[in-house]
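J.: Just passing along the structure, written as structure tokens.
Chains as they are written, first to last, in the working numbering: chain A, 212 to 323; chain B, 3 to 117.
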């Protein structure tokens, strides 16, 4: 069955550094991949979508890569700020292409 | 636009009680979803509705029923609540992006405790 793996351990970094989060998936080849941000007590918020024919996508301080050979996506936040502290979820379409599977997320803490 | 709204925000139930979680979206999206989120397990799909008048089971549908009342509203019902249904419930609606890819918009969640 399809599986998404995100590092369950929290990532602690210093303000100004680049945060890199990893999403690995198995048993399938998705047409696209998404990243969402979730703050405590709130619903997830969509950040970026990257398609299988795109190697990299950027939005302001965010950068996402998608390596379909390694079955991995990397999510980077450059010049990180304490306000970037949140849980980041990776999401992929199910094989039916309609339902979405979410990873459990990685918690990021940015210290001032 | 309010986006996706959910009521109630919090609820405490006793085992065996029933309740309905309400969800509405004002973005004219065709598809709507109900998820539950438990610590360490991520979001799990309970039911979804691809369009008004249709509903389908997701990964964890047992113990739940849904109604797609109209294009805006999608409710989730627990007929006989069990402690295992203690969770945070999120409603979402989705938009298909230009070029493909379905982006979901989430409500603020309902925190449910079943004693």
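Where a beta carbon is used, it is the ideal one built from N, C-alpha and C, also for glycine. If you're wondering where the values come from, they're calculated on a predicted model, not measured in any experiment.
Closest to residue 323 of chain A by C-alpha separation, out of A:216, A:226, A:260, A:222, would be which residue?
T.: Sequence index remark: in the first chain, residue 323 of chain A carries index 112 (1-based). Here the closest residue by C-alpha is A:226.
J.: Given that residue 254 of chain A touches chain B, what residues does it touch there, using C-beta distances under 7 Å?
T.: Start at 1 with the first residue of the first chain, and residue 254 of chain A comes out as number 43. In chain order: 92, 108, 109, 110, 111.
J.: Considering only the alpha carbon of each residue, which of B:114, B:91, B:112 lies closest to residue 48 of chain B?
T.: Locating residue 48 of chain B in the second chain gives position 46, counting from the first residue. Closest option to residue 48 of chain B, Cα to Cα, is B:91.
J.: Evaluate residue 237 of chain A with the Cβ neighbour count: other Cβ atoms within 10 Å of its Cβ, from every protein chain shown; 16 or more gives buried, anything less gives exposed.
T.: By 1-based counting over the first chain, the position of residue 237 of chain A is 26. Label assigned to residue 237 of chain A: exposed.
J.: Kindly say whether residue 29 of chain B, judged by its beta-carbon, lies nearer than 8 Å to any beta-carbon of chain A.
T.: Taking the first residue of the second chain as position 1, residue 29 of chain B is located at position 27. Output row for residue 29 of chain B: interface = no.
J.: If we cut at 8 Å on Cβ distances, does residue 311 of chain A have a partner in chain B?
T.: Taking the first residue of the first chain as position 1, residue 311 of chain A is located at position 100. By this cut-off, residue 311 of chain A is an interface position.
J.: Between which two residues does the beta strand (DSSP E) containing residue 219 of chain A stretch?
T.: Taking the first residue of the first chain as 1, we reach residue 219 of chain A at position 8. Unbroken run through residue 219 of chain A: none, as it is neither H nor E.
J.: Is there at least one Cβ from chain A nearer than 8 Å to residue 34 of chain B's Cβ?
T.: Mapped onto the second chain, residue 34 of chain B falls at position 32. So no, residue 34 of chain B is outside the interface.
J.: Less than 8 Å between the beta carbons of residue 260 of chain A and residue 105 of chain B, yes or no?
T.: The residue labelled residue 260 of chain A in the question sits at position 49 within the first chain. The residue labelled residue 105 of chain B in the question sits at position 103 within the second chain. In contact: residue 260 of chain A and residue 105 of chain B (Cβ atoms closer than 8 Å).
J.: Under 8 Å by Cβ, that's how I've got residue 88 of chain B and residue 116 of chain B pegged, so tell me the actual separation to the nearest angstrom.
T.: Your numbering for residue 88 of chain B matches position 86 in the second chain. Your numbering for residue 116 of chain B matches position 114 in the second chain. At roughly 5 Å, the Cβ-Cβ gap stays under 8 Å, so residue 88 of chain B and residue 116 of chain B are in contact.
J.: Quick one: measure Cβ to Cβ for residue 83 of chain B and residue 9 of chain B, integer angstroms, because I've assumed they're closer than 8 Å.
T.: Here residue 83 of chain B refers to the residue found at position 81 of the second chain. Here residue 9 of chain B refers to the residue found at position 7 of the second chain. The pair is not a contact, with the Cβ atoms about 17 Å apart (cut-off 8 Å).
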